[in-house]
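Numbering (the working numbering), first residue to last: 126 to 581. We treat Cβ as the ideally placed atom computed from N, Cα and C, and that holds for glycine. Okay, so here's the structure we're looking at.
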(Lines of atoms letter the chains of each structure in order from A; the text may use other names.)
(Lines give C-alpha, C1' and ligand atoms only; values in the text may rest on other atoms or scores of the structure.)
Protein backbone atom coordinates (compact mmCIF):
# COMPACT_ATOMS: atom_id res chain seq x y z
CA UNK A 126 0.00 0.00 0.00
CA UNK A 127 2.84 2.37 0.81
CA UNK A 128 6.16 3.00 -0.85
CA UNK A 129 9.15 4.04 1.20
CA UNK A 130 12.27 5.79 -0.04
CA UNK A 131 15.17 6.92 2.15
CA UNK A 132 18.33 8.92 1.64
CA UNK A 133 21.11 7.57 3.87
CA UNK A 134 24.14 9.36 5.22
CA UNK A 135 26.48 6.60 4.11
CA UNK A 136 26.38 6.24 0.32
CA UNK A 137 25.56 2.60 -0.60
CA UNK A 138 25.00 1.76 -4.22
CA UNK A 139 21.49 2.72 -5.36
CA UNK A 140 19.21 -0.29 -5.32
CA UNK A 141 15.54 -1.16 -4.96
CA UNK A 142 14.23 -3.89 -2.71
CA UNK A 143 10.62 -5.08 -2.52
CA UNK A 144 8.92 -7.24 0.05
CA UNK A 145 7.36 -10.46 -1.10
CA UNK A 146 3.83 -9.10 -0.67
CA UNK A 147 4.64 -6.16 -2.91
CA UNK A 148 3.24 -3.62 -0.49
CA UNK A 149 6.44 -1.86 0.44
CA UNK A 150 9.50 -0.97 -1.62
CA UNK A 151 12.70 0.58 -0.39
CA UNK A 152 15.19 2.53 -2.49
CA UNK A 153 18.45 4.22 -1.50
CA UNK A 154 19.94 7.36 -2.96
CA UNK A 155 23.30 8.84 -2.21
CA UNK A 156 23.38 11.55 0.41
CA UNK A 157 25.14 14.89 0.26
CA UNK A 158 25.82 17.42 2.95
CA UNK A 159 23.61 20.53 2.94
CA UNK A 160 24.33 23.42 5.28
CA UNK A 161 21.64 24.51 7.70
CA UNK A 162 19.58 27.51 6.72
CA UNK A 163 19.02 30.75 8.57
CA UNK A 164 15.95 31.21 10.71
CA UNK A 165 14.11 32.83 7.78
CA UNK A 166 14.95 31.32 4.44
CA UNK A 167 13.59 30.15 1.14
CA UNK A 168 14.11 26.66 -0.28
CA UNK A 169 14.11 25.82 -3.96
CA UNK A 170 14.46 22.22 -5.14
CA UNK A 171 16.77 23.31 -7.95
CA UNK A 172 19.22 25.20 -5.76
CA UNK A 173 21.18 24.40 -2.62
CA UNK A 174 20.09 26.43 0.40
CA UNK A 175 22.13 29.39 1.65
CA UNK A 176 25.17 28.90 3.84
CA UNK A 177 24.21 31.21 6.69
CA UNK A 178 22.96 29.81 9.97
CA UNK A 179 21.69 31.78 12.95
CA UNK A 180 22.29 30.78 16.53
CA UNK A 181 18.58 31.30 17.24
CA UNK A 182 17.78 28.06 15.40
CA UNK A 183 19.38 26.06 18.18
CA UNK A 184 16.54 27.06 20.52
CA UNK A 185 14.39 24.58 18.69
CA UNK A 186 16.88 22.16 17.22
CA UNK A 187 18.81 19.85 19.45
CA UNK A 188 17.19 20.24 22.88
CA UNK A 189 15.64 16.83 23.43
CA UNK A 190 16.89 14.28 20.90
CA UNK A 191 19.04 14.40 17.79
CA UNK A 192 17.89 11.73 15.34
CA UNK A 193 20.45 12.17 12.56
CA UNK A 194 19.79 10.66 9.13
CA UNK A 195 21.31 7.32 10.22
CA UNK A 196 18.45 6.93 12.68
CA UNK A 197 15.84 7.09 9.98
CA UNK A 198 17.71 5.08 7.36
CA UNK A 199 17.73 1.40 6.50
CA UNK A 200 21.06 -0.34 7.15
CA UNK A 201 21.81 -2.71 4.25
CA UNK A 202 22.43 -5.64 6.61
CA UNK A 203 18.88 -5.43 7.96
CA UNK A 204 17.17 -5.65 4.56
CA UNK A 205 15.49 -8.89 3.66
CA UNK A 206 13.52 -8.95 0.40
CA UNK A 207 11.73 -12.13 1.35
CA UNK A 208 10.51 -10.90 4.73
CA UNK A 209 7.12 -9.17 4.91
CA UNK A 210 6.58 -6.36 7.41
CA UNK A 211 6.51 -7.60 10.98
CA UNK A 212 2.93 -7.84 12.24
CA UNK A 213 1.97 -6.64 15.70
CA UNK A 214 0.02 -9.39 17.41
CA UNK A 215 -3.04 -7.85 19.00
CA UNK A 216 -5.85 -10.29 19.85
CA UNK A 217 -8.09 -7.32 20.46
CA UNK A 218 -2.91 9.99 19.92
CA UNK A 219 -2.27 15.87 22.20
CA UNK A 220 -3.98 15.33 19.64
CA UNK A 221 -3.63 18.72 19.35
CA UNK A 222 -3.86 19.24 15.61
CA UNK A 223 -6.08 21.36 13.41
CA UNK A 224 -6.27 21.29 9.60
CA UNK A 225 -9.64 22.82 8.77
CA UNK A 226 -10.60 25.03 5.85
CA UNK A 227 -7.72 27.48 5.39
CA UNK A 228 -7.78 31.11 6.40
CA UNK A 229 -7.29 33.20 3.27
CA UNK A 230 -4.62 35.84 2.92
CA UNK A 231 -5.96 39.37 3.10
CA UNK A 232 -4.76 42.67 1.79
CA UNK A 233 -2.02 42.73 4.42
CA UNK A 234 -0.16 39.97 2.61
CA UNK A 235 -0.25 37.51 5.50
CA UNK A 236 0.17 33.87 4.50
CA UNK A 237 -2.74 31.49 4.12
CA UNK A 238 -2.84 29.14 7.11
CA UNK A 239 -3.55 25.46 6.41
CA UNK A 240 -2.37 23.71 9.57
CA UNK A 241 -1.78 24.42 13.25
CA UNK A 242 -0.49 21.99 15.88
CA UNK A 243 1.43 21.77 19.16
CA UNK A 244 4.48 19.58 19.57
CA UNK A 245 4.38 16.63 21.97
CA UNK A 246 5.10 18.59 25.18
CA UNK A 247 3.16 21.68 24.03
CA UNK A 248 6.21 23.89 24.44
CA UNK A 249 6.22 24.74 20.73
CA UNK A 250 3.77 24.88 17.87
CA UNK A 251 4.00 24.54 14.11
CA UNK A 252 2.09 26.16 11.27
CA UNK A 253 1.71 25.06 7.66
CA UNK A 254 0.98 27.82 5.14
CA UNK A 255 0.83 28.45 1.40
CA UNK A 256 4.50 29.47 1.65
CA UNK A 257 6.01 26.71 3.79
CA UNK A 258 6.08 26.16 7.53
CA UNK A 259 7.03 28.02 10.70
CA UNK A 260 7.97 26.94 14.22
CA UNK A 261 7.20 29.02 17.33
CA UNK A 262 8.03 28.86 21.02
CA UNK A 263 5.09 29.18 23.43
CA UNK A 264 6.65 30.64 26.58
CA UNK A 265 8.07 33.12 25.95
CA UNK A 266 6.25 33.53 22.66
CA UNK A 267 8.47 34.05 19.62
CA UNK A 268 9.08 32.67 16.17
CA UNK A 269 12.02 30.27 16.22
CA UNK A 270 12.44 29.75 12.48
CA UNK A 271 10.58 29.44 9.20
CA UNK A 272 11.14 27.56 5.96
CA UNK A 273 9.61 29.21 2.90
CA UNK A 274 9.22 27.19 -0.28
CA UNK A 275 8.85 28.60 -3.78
CA UNK A 276 5.16 28.67 -4.58
CA UNK A 277 4.14 25.60 -2.58
CA UNK A 278 1.89 24.97 0.40
CA UNK A 279 2.31 22.69 3.43
CA UNK A 280 -0.85 21.10 4.83
CA UNK A 281 0.60 19.06 7.73
CA UNK A 282 3.59 19.76 9.97
CA UNK A 283 4.35 17.36 12.82
CA UNK A 284 7.24 18.14 15.16
CA UNK A 285 9.22 15.58 17.17
CA UNK A 286 9.58 17.43 20.47
CA UNK A 287 12.31 20.04 19.73
CA UNK A 288 14.65 18.07 17.51
CA UNK A 289 15.61 18.62 13.90
CA UNK A 290 13.30 15.98 12.45
CA UNK A 291 9.79 16.89 11.26
CA UNK A 292 7.13 15.19 9.15
CA UNK A 293 5.50 17.39 6.51
CA UNK A 294 2.79 16.88 3.89
CA UNK A 295 1.92 19.17 1.02
CA UNK A 296 -1.39 21.02 1.13
CA UNK A 297 -3.50 23.79 -0.35
CA UNK A 298 -4.31 24.58 -4.00
CA UNK A 299 -0.62 24.38 -4.91
CA UNK A 300 1.00 21.82 -2.58
CA UNK A 301 4.78 21.84 -2.45
CA UNK A 302 4.78 18.07 -1.97
CA UNK A 303 2.08 15.66 -3.10
CA UNK A 304 -0.69 15.33 -0.47
CA UNK A 305 -0.38 11.54 -0.55
CA UNK A 306 3.24 11.62 0.64
CA UNK A 307 4.78 12.08 4.08
CA UNK A 308 8.16 13.75 3.77
CA UNK A 309 10.70 13.26 6.58
CA UNK A 310 12.43 16.65 6.89
CA UNK A 311 15.84 17.03 8.53
CA UNK A 312 16.31 20.68 9.36
CA UNK A 313 20.03 20.21 9.99
CA UNK A 314 20.32 19.48 6.27
CA UNK A 315 17.34 21.65 5.27
CA UNK A 316 15.96 18.94 3.07
CA UNK A 317 13.91 15.76 3.06
CA UNK A 318 15.77 12.56 3.86
CA UNK A 319 12.90 10.14 3.26
CA UNK A 320 9.30 9.76 2.23
CA UNK A 321 6.28 7.52 2.65
CA UNK A 322 3.89 7.33 -0.30
CA UNK A 323 0.25 6.24 -0.22
CA UNK A 324 -2.64 5.77 -2.63
CA UNK A 325 -4.82 8.39 -0.96
CA UNK A 326 -4.39 11.75 0.74
CA UNK A 327 -2.63 11.85 4.11
CA UNK A 328 -4.91 13.31 6.79
CA UNK A 329 -2.51 13.47 9.73
CA UNK A 330 0.87 12.30 11.03
CA UNK A 331 1.84 11.50 14.62
CA UNK A 332 5.43 11.07 15.81
CA UNK A 333 7.13 9.36 18.71
CA UNK A 334 10.83 8.84 19.13
CA UNK A 335 10.35 5.25 17.97
CA UNK A 336 7.26 5.38 15.72
CA UNK A 337 5.73 7.24 12.79
CA UNK A 338 1.94 7.00 12.51
CA UNK A 339 0.27 8.00 9.24
CA UNK A 340 -3.49 8.56 9.14
CA UNK A 341 -5.52 8.16 5.94
CA UNK A 342 -9.29 8.34 5.40
CA UNK A 343 -9.92 4.70 6.29
CA UNK A 344 -6.55 3.37 7.46
CA UNK A 345 -3.74 4.06 9.89
CA UNK A 346 -0.18 2.83 9.27
CA UNK A 347 2.37 2.44 12.05
CA UNK A 348 6.09 2.42 11.16
CA UNK A 349 9.32 1.98 13.09
CA UNK A 350 11.17 5.29 13.10
CA UNK A 351 14.62 3.66 12.88
CA UNK A 352 14.09 1.83 9.59
CA UNK A 353 10.62 2.93 8.39
CA UNK A 354 9.45 -0.67 8.55
CA UNK A 355 5.68 -1.15 8.56
CA UNK A 356 4.68 -2.87 11.81
CA UNK A 357 0.90 -2.42 11.94
CA UNK A 358 -2.07 -1.18 9.93
CA UNK A 359 -5.54 -0.45 11.25
CA UNK A 360 -8.89 -0.14 9.48
CA UNK A 361 -11.14 2.69 10.74
CA UNK A 362 -14.46 4.29 9.96
CA UNK A 363 -14.18 7.30 7.62
CA UNK A 364 -11.74 9.66 9.33
CA UNK A 365 -11.49 12.89 7.30
CA UNK A 366 -10.22 14.83 10.35
CA UNK A 367 -7.30 12.45 10.78
CA UNK A 368 -8.20 11.70 14.40
CA UNK A 369 -5.41 9.78 16.13
CA UNK A 370 -3.48 10.12 19.39
CA UNK A 371 -0.38 8.33 20.68
CA UNK A 372 1.27 8.24 24.11
CA UNK A 373 4.75 9.71 24.51
CA UNK A 374 6.29 7.84 27.43
CA UNK A 375 9.05 5.59 26.16
CA UNK A 376 7.99 2.61 28.26
CA UNK A 377 4.36 2.70 27.11
CA UNK A 378 3.07 2.73 23.53
CA UNK A 379 -0.68 3.36 23.40
CA UNK A 380 -2.51 4.47 20.26
CA UNK A 381 -6.11 5.70 20.12
CA UNK A 382 -8.10 6.02 16.89
CA UNK A 383 -11.70 5.79 15.70
CA UNK A 384 -13.13 2.30 15.89
CA UNK A 385 -15.08 0.33 13.33
CA UNK A 386 -18.47 1.87 14.07
CA UNK A 387 -20.09 5.17 14.96
CA UNK A 388 -19.27 6.48 18.44
CA UNK A 389 -16.53 3.91 19.04
CA UNK A 390 -12.84 4.39 19.77
CA UNK A 391 -10.12 1.78 19.43
CA UNK A 392 -7.26 1.57 21.92
CA UNK A 393 -4.09 -0.27 20.90
CA UNK A 394 -1.85 -1.17 23.85
CA UNK A 395 1.24 -2.46 22.09
CA UNK A 396 3.19 -3.32 25.23
CA UNK A 397 0.40 -5.59 26.48
CA UNK A 398 -0.40 -6.75 22.91
CA UNK A 399 -4.03 -5.93 23.55
CA UNK A 400 -6.75 -4.04 21.70
CA UNK A 401 -9.74 -2.47 23.45
CA UNK A 402 -12.91 -1.13 21.80
CA UNK A 403 -14.85 1.48 23.76
CA UNK A 404 -18.35 2.71 22.88
CA UNK A 405 -17.77 6.28 23.98
CA UNK A 406 -20.82 8.04 22.50
CA UNK A 407 -24.05 7.38 20.60
CA UNK A 408 -23.09 9.98 17.99
CA UNK A 409 -19.96 10.08 15.85
CA UNK A 410 -16.64 10.86 17.51
CA UNK A 411 -15.63 14.47 16.90
CA UNK A 412 -12.47 14.74 18.98
CA UNK A 413 -10.38 12.86 21.56
CA UNK A 414 -7.17 13.26 23.51
CA UNK A 415 -4.77 10.86 25.20
CA UNK A 416 -2.69 11.65 28.29
CA UNK A 417 1.09 11.63 27.90
CA UNK A 418 1.41 8.32 29.77
CA UNK A 419 -1.41 6.70 27.78
CA UNK A 420 -3.67 6.02 30.77
CA UNK A 421 -6.51 8.50 30.23
CA UNK A 422 -8.66 9.21 27.16
CA UNK A 423 -11.03 12.17 26.81
CA UNK A 424 -13.69 11.99 24.09
CA UNK A 425 -16.34 14.26 22.58
CA UNK A 426 -19.06 13.51 20.05
CA UNK A 427 -20.52 15.61 17.25
CA UNK A 428 -23.12 16.88 19.73
CA UNK A 429 -20.35 18.55 21.73
CA UNK A 430 -22.25 18.84 25.00
CA UNK A 431 -20.59 16.12 27.09
CA UNK A 432 -16.93 15.20 27.50
CA UNK A 433 -16.18 11.71 28.81
CA UNK A 434 -12.96 10.50 30.41
CA UNK A 435 -12.11 6.80 30.14
CA UNK A 436 -9.39 4.51 31.42
CA UNK A 437 -7.32 3.36 28.46
CA UNK A 438 -6.46 0.12 30.25
CA UNK A 439 -9.98 -1.31 30.49
CA UNK A 440 -12.31 1.26 28.93
CA UNK A 441 -13.98 2.18 32.24
CA UNK A 442 -15.87 5.48 32.22
CA UNK A 443 -14.19 7.51 34.96
CA UNK A 444 -15.88 10.90 34.71
CA UNK A 445 -18.32 12.88 32.60
CA UNK A 446 -18.31 16.68 32.36
CA UNK A 447 -20.59 19.11 30.54
CA UNK A 448 -19.36 21.83 28.22
CA UNK A 449 -22.85 23.29 27.72
CA UNK A 450 -26.44 22.62 26.75
CA UNK A 451 -26.31 23.65 23.07
CA UNK A 452 -24.67 21.61 20.34
CA UNK A 453 -21.11 22.63 19.58
CA UNK A 454 -18.21 21.49 17.44
CA UNK A 455 -15.33 20.48 19.68
CA UNK A 456 -12.02 21.52 18.17
CA UNK A 457 -9.56 20.20 20.76
CA UNK A 458 -9.17 18.46 24.11
CA UNK A 459 -6.03 18.56 26.27
CA UNK A 460 -4.90 16.98 29.54
CA UNK A 461 -2.59 18.85 31.90
CA UNK A 462 0.77 17.20 32.55
CA UNK A 463 -0.31 16.08 36.03
CA UNK A 464 -3.70 14.90 34.67
CA UNK A 465 -5.59 17.01 37.20
CA UNK A 466 -7.19 19.26 34.55
CA UNK A 467 -8.81 18.99 31.14
CA UNK A 468 -9.11 21.88 28.66
CA UNK A 469 -11.69 22.08 25.86
CA UNK A 470 -12.11 24.43 22.88
CA UNK A 471 -15.16 24.64 20.62
CA UNK A 472 -16.88 26.80 18.03
CA UNK A 473 -18.68 28.65 20.83
CA UNK A 474 -15.56 30.73 21.39
CA UNK A 475 -15.06 29.76 25.05
CA UNK A 476 -12.15 27.75 26.45
CA UNK A 477 -13.25 25.57 29.37
CA UNK A 478 -11.03 24.02 32.05
CA UNK A 479 -12.47 21.10 34.03
CA UNK A 480 -11.22 19.55 37.24
CA UNK A 481 -10.55 15.81 36.93
CA UNK A 482 -11.67 13.97 40.05
CA UNK A 483 -9.65 10.82 39.59
CA UNK A 484 -7.55 8.52 41.71
CA UNK A 485 -4.48 8.03 39.53
CA UNK A 486 -2.64 5.70 41.90
CA UNK A 487 1.00 5.92 42.88
CA UNK A 488 2.68 4.64 39.71
CA UNK A 489 2.09 4.78 35.97
CA UNK A 490 1.07 1.10 36.07
CA UNK A 491 -1.82 1.74 38.47
CA UNK A 492 -5.28 1.72 36.95
CA UNK A 493 -7.01 5.14 37.21
CA UNK A 494 -10.27 5.12 39.18
CA UNK A 495 -12.97 7.68 39.94
CA UNK A 496 -12.24 9.65 43.10
CA UNK A 497 -14.31 8.52 46.09
CA UNK A 498 -17.44 10.57 46.71
CA UNK A 499 -17.95 12.64 49.84
CA UNK A 500 -18.69 10.79 53.07
CA UNK A 501 -21.19 13.43 54.20
CA UNK A 502 -24.50 11.48 54.44
CA UNK A 503 -26.69 14.57 54.04
CA UNK A 504 -24.90 15.57 50.85
CA UNK A 505 -25.12 12.04 49.53
CA UNK A 506 -28.82 11.67 50.26
CA UNK A 507 -29.76 15.02 48.71
CA UNK A 508 -27.64 14.27 45.66
CA UNK A 509 -29.36 10.92 45.24
CA UNK A 510 -32.75 12.60 45.46
CA UNK A 511 -31.79 15.20 42.84
CA UNK A 512 -30.43 12.55 40.49
CA UNK A 513 -33.63 10.59 40.82
CA UNK A 514 -35.97 13.49 40.07
CA UNK A 515 -34.25 16.14 37.94
CA UNK A 516 -32.92 15.62 34.43
CA UNK A 517 -29.28 14.71 34.02
CA UNK A 518 -28.43 18.26 32.94
CA UNK A 519 -29.01 19.67 36.44
CA UNK A 520 -26.42 17.51 38.20
CA UNK A 521 -23.74 17.73 35.52
CA UNK A 522 -20.16 18.69 36.33
CA UNK A 523 -19.37 22.09 34.80
CA UNK A 524 -16.07 23.79 34.02
CA UNK A 525 -14.07 25.42 36.78
CA UNK A 526 -12.59 28.21 34.64
CA UNK A 527 -13.39 29.86 31.32
CA UNK A 528 -11.67 32.10 28.79
CA UNK A 529 -13.88 33.83 26.21
CA UNK A 530 -12.62 34.44 22.68
CA UNK A 531 -14.11 36.05 19.57
CA UNK A 532 -16.39 33.63 17.75
CA UNK A 533 -15.82 32.83 14.10
CA UNK A 534 -12.34 31.31 14.31
CA UNK A 535 -11.17 27.83 15.19
CA UNK A 536 -8.99 27.40 18.28
CA UNK A 537 -6.88 24.64 19.76
CA UNK A 538 -5.76 24.58 23.38
CA UNK A 539 -2.99 23.13 25.54
CA UNK A 540 -1.68 23.60 29.06
CA UNK A 541 1.38 25.80 29.42
CA UNK A 542 4.60 24.87 31.17
CA UNK A 543 3.91 27.45 33.89
CA UNK A 544 1.53 26.23 36.59
CA UNK A 545 -2.18 26.83 35.96
CA UNK A 546 -1.66 28.36 32.52
CA UNK A 547 -3.35 27.62 29.22
CA UNK A 548 -2.13 28.37 25.68
CA UNK A 549 -4.68 28.98 22.91
CA UNK A 550 -3.93 29.09 19.18
CA UNK A 551 -6.38 30.34 16.55
CA UNK A 552 -6.62 29.74 12.83
CA UNK A 553 -6.88 33.53 12.55
CA UNK A 554 -3.25 33.75 13.71
CA UNK A 555 -4.05 34.57 17.33
CA UNK A 556 -1.95 33.40 20.26
CA UNK A 557 -3.20 33.69 23.86
CA UNK A 558 -1.65 32.65 27.14
CA UNK A 559 -3.89 32.87 30.17
CA UNK A 560 -3.97 31.79 33.81
CA UNK A 561 -6.76 30.17 35.83
CA UNK A 562 -7.37 30.08 39.56
CA UNK A 563 -7.58 26.39 40.59
CA UNK A 564 -9.51 27.25 43.78
CA UNK A 565 -11.86 30.10 42.88
CA UNK A 566 -12.15 29.35 39.17
CA UNK A 567 -14.17 31.79 37.06
CA UNK A 568 -12.82 33.92 34.24
CA UNK A 569 -9.19 33.33 33.39
CA UNK A 570 -6.65 36.15 33.38
CA UNK A 571 -5.05 36.97 30.03
CA UNK A 572 -1.26 37.06 30.27
CA UNK A 573 -0.24 37.50 26.63
CA UNK A 574 -1.78 38.03 23.21
CA UNK A 575 -0.02 38.04 19.81
CA UNK A 576 -0.72 37.49 16.12
CA UNK A 577 1.82 35.01 14.80
CA UNK A 578 0.90 35.54 11.12
CA UNK A 579 1.50 39.28 11.15
CA UNK A 580 4.37 40.41 8.97
CA UNK A 581 7.25 41.97 10.88
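Problem set entry | DSSP bridge partner residues for residue 257 (one or two, in chain order) | 273
For this session: In angstroms with no decimal places, state the Cα-to-Cα distance between residue 474 and residue 252.
Result: 21 Å
For this session: Provide the residue span of the beta strand (DSSP E) that contains residue 542, from first to last.
Result: Premise fails: residue 542 is in no beta strand (DSSP E) and is neither H nor E.
For this session: Enumerate in chain order the residues of its own chain whose CB-to-CB distance from residue 235 is below 6 Å, with the five nearest sequence positions on each side excluded.
Result: 578
Problem set entry | Rounded separation between residue 370 and residue 458 - CA only | The straight-line gap from Cα to Cα measures roughly 11 Å.
For this session: Measuring alpha carbon to alpha carbon, tell me which of 306, 239 and 272 ends up nearest residue 316.
Result: 272
Exercise. Residues in its own chain within less than 6 Å of residue 425 by CB, not counting five upstream and five downstream?
Worked result: Result list for residue 425: 411, 412, 432 and 455, in chain order.
Exercise. In chain order, what residues of the same chain lie with their CB nearer than 7 Å to the CB of residue 566, ignoring the 5 residues before and after it?
Worked result: 525 and 526
Exercise. By how many angstroms is the C-alpha of residue 342 removed from the C-alpha of residue 330?
Worked result: If you take the alpha carbons of residue 330 and residue 342, they lie about 12 Å apart.
Exercise. Which one or two residues does DSSP pair with residue 285 in a beta bridge?
Worked result: Looking at the DSSP assignment, residue 285 forms no beta bridge with any residue, so it has no partner.
For this session: Taking residue 447 and residue 427 to be in contact with their CB atoms under 8 Å, please state how far apart those CB atoms are, rounded to whole angstroms.
Result: About 16 Å separates the two Cβ atoms, so there is no contact after all.
For this session: Could you tell me which residues DSSP puts in a beta bridge with residue 466?
Result: 480
Exercise. Residue 280 and residue 299 look like a contact to me (Cβ under 8 Å); what is the Cβ gap, rounded to whole Å?
Worked result: Rounded, the Cβ-Cβ distance is 11 Å, inconsistent with contact.
Exercise. Going by the CB atoms, is the gap between residue 402 and residue 419 shorter than 8 Å?
Worked result: no
For this session: For the beta strand (DSSP E) containing residue 419, list its first residue and its last residue.
Result: It is not in any beta strand (DSSP E) - residue 419 carries neither H nor E in the DSSP assignment.
Exercise. Taking Cβ to Cβ, would you say residue 541 is nearer than 8 Å to residue 547?
Worked result: yes
For this session: Sort 521, 320 and 311 by Cα distance to residue 302 and report the nearest one.
Result: 320
For this session: Measuring alpha carbon to alpha carbon, tell me which of 549, 453, 421 and 304 ends up nearest residue 441.
Result: 421
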